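Chains as they are written, first to last, in our numbering: chain G, 15 to 420; chain C, 15 to 420.
Think of the CB as a built atom: it goes at the ideal place given N, C-alpha and C, for glycine as much as any other residue.
Keep in mind that this is a model prediction, so the values were computed, not measured.
Each remark here refers to the structure printed beneath this line.
2 protein chains.
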Amino acid sequence: MSVNLTVFEAFHVIEGLKIGYCNAGIKQTQRQDLVVIELANTATTAGIFTQNAFCAAPVQICKEHLEQAHTQYLIINTGNANAGTGKAGFDDAMNICQTLADFKGVDVKSVLPFSTGVIGERLPLEKIISSIPDALSNLSEGHWFEGSRGIMTTDTQPKGVSTQFKYKGETISISGISKGAGMIKPNMATMLGFIATDALVSKETLQEICSELGEKSFNRITIDGDTSTNDSCMLMATGTCKLPELNNRSDEFYEVLKAELEKVFIYLAQAIVRDGEGATKFVSIDVNKCENTNEALRVAYTVAHSPLVKTALFASDANWGRILAAVGRSGVKNIVLEDIQIFLDDVCIVENGARASSYTEEAGASVMSQQELSIRIDMGRGNASETVWTTDLSHEYVTINAEYRT
Amino acid sequence: MSVNLTVFEAFHVIEGLKIGYCNAGIKQTQRQDLVVIELANTATTAGIFTQNAFCAAPVQICKEHLEQAHTQYLIINTGNANAGTGKAGFDDAMNICQTLADFKGVDVKSVLPFSTGVIGERLPLEKIISSIPDALSNLSEGHWFEGSRGIMTTDTQPKGVSTQFKYKGETISISGISKGAGMIKPNMATMLGFIATDALVSKETLQEICSELGEKSFNRITIDGDTSTNDSCMLMATGTCKLPELNNRSDEFYEVLKAELEKVFIYLAQAIVRDGEGATKFVSIDVNKCENTNEALRVAYTVAHSPLVKTALFASDANWGRILAAVGRSGVKNIVLEDIQIFLDDVCIVENGARASSYTEEAGASVMSQQELSIRIDMGRGNASETVWTTDLSHEYVTINAEYRT
């Protein structure tokens, strides 16, 4: 089950980026579970990573390799996160990188490893290593769809998007894929994102764009408040288009490219929420008129994480008292109840410290019955706004997470 | 469904405290939903209240009246929380206090009001006011059990406990009741607690005891992380026993009485968790070897609130990776994974940054299959410890909260 998420199959090729895949048998299913990305020499790579204090081994290696070398390969396995695996897990991930590097005659540091799946189990190292040649054997610029399928875990659908735009007569392409459906929360998620453009961008500038857009997209989604040990979102620029190198923010092209990439980042982040474990609703929590961003996020996440708000959303019950109670316990100092307005879409449900006089149960129920809706909270104390996207809490969420390992 | 919670019916009378009750028809059921407590003139009263910024009207009034006058009556309704009801709700609660005060010829400030139930609806004022005489007509020292039933909302069972102890030849009695099953989180809950002793205690000293014990009991339980607008826990000392007044901490009797009351506070707080909405397990989260209390609580609550940990508990799945991931995202600075040990009861599951070498799935599964278990996390960085009690997240929780208003 997912909320208004369509499978995207028509990806634009990103010249200079090839994807290979195979079934390494990690998950004992017939689905592909190992994906390799190969980048042209002109490519630059940037990334943002989980803020969980316990980074998985591949994330630690990824950060180091990304900083120390020019990235040429990315290798992604699903089915096992290689997290909480200690020194042995670190060695396993390095072993995979070294095997790929040896095959291709490149430095081990030019390989970035990614893993997602169960935490705390050792990787089936032999299976992965022996499958690397299979994945390399079908590298192709046309394998974006297969890549989107190959990185799935509990996702019900592959997630991808692709777009093109023109700048100074040149056509620039962007394609991206993401995965993730649970353990999704502020500051990344059990999510992976791989986004690429054929623009030529310096590594530093690409990192700026990636960090800025990650903050507006993947760091604004939450399904269950749990932050994974493995989240990574990579932005790659293959540099194969004919435009000159973008290497500073003051270049006019910076904002143009960033705006196009932003749509892709937000689409892919929202796709994860739409496919949230057990999701039956896609909900925007818009918090306005706050003193600062921090305060707005605090209110937004408290509402987004409230099991009582989430179960009311599942039941399509306009139980605004639960929203109000969540705002009240958000920890924001000196809140004045009388200053707060709460809306379901455009229907005002709370004002002057109580239910809005214009409110009717019918109007509230009508909004709540929609698959997509917004909860808007105006705090009446400043100019800062923030939006967070989330889902409801359904029986299906409990079923999925109570049965994940069995 | 509840976890090892037995109905307590044999309450010791607390001389100087009478309980009356009736069915005011607030919830359209046949169950009693209005309770009155009458206190002797020698009685003192103390209380602790919700930290939700939006206190319900009765909580605001309660705090004022408790501070400004000698308490003689408490009046409690279920079915409606009278929260988020603005000025009108405040007037309704005052109206109830005034009606009771007029009947009994006491000052309105000697009456404390309590409400619990749906947020945001006006109280059915006429029904309550017209029922006050009914509740007053059966005031009796023997009505503790009826009182425990009369304050229930989604509770599946009434909650109460009673004990006696001897000091200097005198027998001191303690009886207490509590309610609450959801919206339970640090810093109180949708919970009400009424605990009484026949000791003679000054109001200031009683408040010290109440605050201290509340911190160790009702402020250490969490079911779903939601903090209610209405939580209140009252401690009453009727002063009818023959011991001299306790009015300072250095009196030997202070620690004796506090220790006995502590057992009652903890029993009643844990009873709320045992009857947690949809609970199938009672879980202690013990966090040790932290730098300070704040850090220990932060880790404990992050684990206790994790939907992934809670669903794993529901499934009896020793998915320790989820526990580890929750510790990692708790926000405690500079955590060293290698210093941490995690245990299920006495079974070590994590050490040296990975699964403990001695661990077997069988040993983990055996602990997880129990109805009661502890998750112990030793952070290896100091001497502070804290314990929080919580439950799992089951289908039943979703069902209850998705259907509460319907």
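By Cβ distance, which residues of its chain are closer than 7 Å to residue i, with the 5 residues on each side in sequence left out?
i	result
Ser16 (chain C)	Thr170, Gln171, Arg288, Asp289, Ala293
Asn333 (chain C)	Ala326
Leu407 (chain G)	Pro321, Lys324, Thr325, Phe328
Ser225 (chain G)	Ile62
Thr254 (chain G)	Glu29, Gly30, Ala54, Thr56, Asp212
Lys141 (chain C)	Ala38, Gly39, Ile40
Ile337 (chain C)	Val317, Val323, Ile356, Ile389
Ala422 (chain G)	This structure does not reach residue 422 (chain G), given that chain G is present from 15 up to 420, and the question cannot be answered.
Phe25 (chain C)	Trp158, Phe159, Gly174, Ser176, Ser189
Gly131 (chain C)	Thr92, Gly93, Asn94, Ala95, Thr167
Identify, in the order they occur along the chain, each residue of the same chain with its Cβ nearer than 6 Å to the Cβ of residue i, setting aside the five sequence neighbours on each side.
i	result
Asp410 (chain G)	Residue 410 (chain G) is actually Glu in this sequence, not Asp. Gly292.
Phe208 (chain C)	Ile191, Met248
Ile299 (chain G)	Ala314, Val317, Ala318, Ile389, Val402
Thr404 (chain C)	Thr236, Val297, Ala318
Ala149 (chain C)	Gly34, Tyr35, Cys36, Leu48, Val50
Val301 (chain G)	Ala310, Val313, Ala314, Ile391, Glu400
Glu305 (chain G)	Arg395, Gly396
Lys193 (chain C)	Ile165, Met166, Asp169, Leu206
Ile280 (chain C)	Ser231
Thr413 (chain C)	none
Asn152 (chain C)	Gly34
Val381 (chain G)	Leu358, Asp359, Val361, Leu387
Below 7 Å on C-beta distance, what does residue i contact in chain C?
i	result
Trp334 (chain G)	Gly134
Thr325 (chain G)	Val412, Asn415, Ala416
Leu407 (chain G)	Val412
Asn306 (chain G)	What Asn306 (chain G) touches in chain C: nothing, since even the nearest Cβ is about 17 Å away.
According to DSSP, what are the bridge partners of residue i?
i	result
Phe296 (chain G)	G:Glu386, G:Thr405
Thr247 (chain C)	The question names Thr, but residue 247 (chain C) is Cys in the sequence shown. DSSP, once it has assigned bridges, lists C:Ile62, C:Gly207 as partnering Cys247 (chain C).
Tyr87 (chain G)	G:Glu52, G:Val125
Tyr411 (chain G)	In the DSSP output, where bridge partners are listed per residue, Tyr411 (chain G) has none listed.
Gln178 (chain G)	G:Ser187
Lys173 (chain C)	C:Ser192
Lys32 (chain C)	C:Glu52
Glu400 (chain C)	C:Val301
Phe235 (chain C)	Rather than Phe, the amino acid found at residue 235 (chain C) in this sequence is Ile. In DSSP, Ile235 (chain C) forms a bridge with C:Trp403.
Thr92 (chain C)	C:Thr130
Give the interface partners of residue i over in chain C, defined as CB-CB distance under 8 Å, in chain order.
i	result
Phe328 (chain G)	Val412, Ala416
Asn66 (chain G)	Ala339, Gly342, Arg343
Asn366 (chain G)	Gly100
Gly103 (chain G)	Ala368
Interface residues of chain G around residue i at Cβ under 9 Å?
i	result
Arg369 (chain C)	Gly98, Thr99, Gly100, Gly134, Glu135, Arg136
Thr243 (chain C)	Gly335, Leu338, Ala339, Gly342, Arg343
Val317 (chain C)	None at all; the shortest Cβ gap to chain G is about 11 Å.
Please list, in chain order, all residues of the same chain as residue i whose beta carbon is under 8 Å from its beta carbon, the five residues on each side excluded.
i	result
Ser372 (chain G)	Cys362
Ser124 (chain G)	His79, Ala83, His84, Thr85, Gln86, Tyr87, Ala115
Glu229 (chain G)	none
Ser154 (chain C)	Lys32, Ile33, Gly34
Glu6 (chain G)	No answer is possible for residue 6 (chain G): it lies beyond the span of chain G, which begins at 15 and ends at 420.
Report yes or no: do the segment 301-313 of chain G and the segment 20-39 of chain C share at least 3 C-beta pairs separated by less than 8 Å?
With the cut-off at 8 Å, the segment 301-313 of chain G and the segment 20-39 of chain C do not touch.
Could you name each continuous beta strand (DSSP E) segment of 3 residues or more that falls completely within the segment 36-77 of chain G, going from the start of the chain to the end?
Taking only runs of at least 3 residues, the beta strand (DSSP E) segments lying wholly in the segment 36-77 of chain G are 48-53, 58-63.
What ranges does the alpha helix (DSSP H) occupy inside the segment 331-393 of chain G, keeping only unbroken runs of at least 4 residues that lie completely in it?
As for any alpha helix (DSSP H) of minimum length 4 sitting wholly inside the segment 331-393 of chain G, the runs are 334-342, 375-382, ordered along the chain.
Just checking, does the segment 62-82 of chain G make contact with the segment 34-48 of chain G on the three C-beta pairs under 8 Å criterion?
No, because fewer than three Cβ pairs between the segment 62-82 of chain G and the segment 34-48 of chain G fall closer than 8 Å, the two stretches do not touch.
Taking the runs of the beta strand (DSSP E) that are 3 residues or longer, which of them lie wholly in the segment 258-333 of chain C?
Counting whole runs of 3 or more residues, the segment 258-333 of chain C contains the beta strand (DSSP E) stretches 296-304.
Should the segment 343-361 of chain C be called in touch with the segment 392-409 of chain C, which here means at least 3 C-beta pairs below 8 Å?
The segment 343-361 of chain C is in contact with the segment 392-409 of chain C.
Per the contact definition of three or more C-beta pairs closer than 8 Å, is the segment 82-100 of chain C in contact with the segment 254-268 of chain C?
Short answer: they don't touch.
Name the residues in the segment 344-356 of chain C whose C-beta lies less than 7 Å from a C-beta of chain A; which are they?
The chain inventory of the structure shown lacks chain A, comprising the protein chains G and C.
Please determine if the segment 177-188 of chain C and the segment 76-94 of chain C are in contact, where contact requires at least 3 C-beta pairs separated by less than 8 Å.
Judged by Cβ distances under 8 Å, the segment 177-188 of chain C makes no contact with the segment 76-94 of chain C, as fewer than three pairs qualify.
Can at least three beta-carbon pairs, one atom from the segment 103-118 of chain G and one from the segment 369-384 of chain C, be found at a separation below 8 Å?
With a cut-off of 8 Å, the segment 369-384 of chain C and the segment 103-118 of chain G do not count as touching, because too few Cβ pairs lie within range.
Give the list of continuous beta strand (DSSP E) stretches no shorter than 3 residues that lie fully inside the segment 106-169 of chain G.
Scanning the segment 106-169 of chain G for uninterrupted beta strand (DSSP E) segments of 3 residues or longer gives 125-132, listed from N- to C-terminal end.
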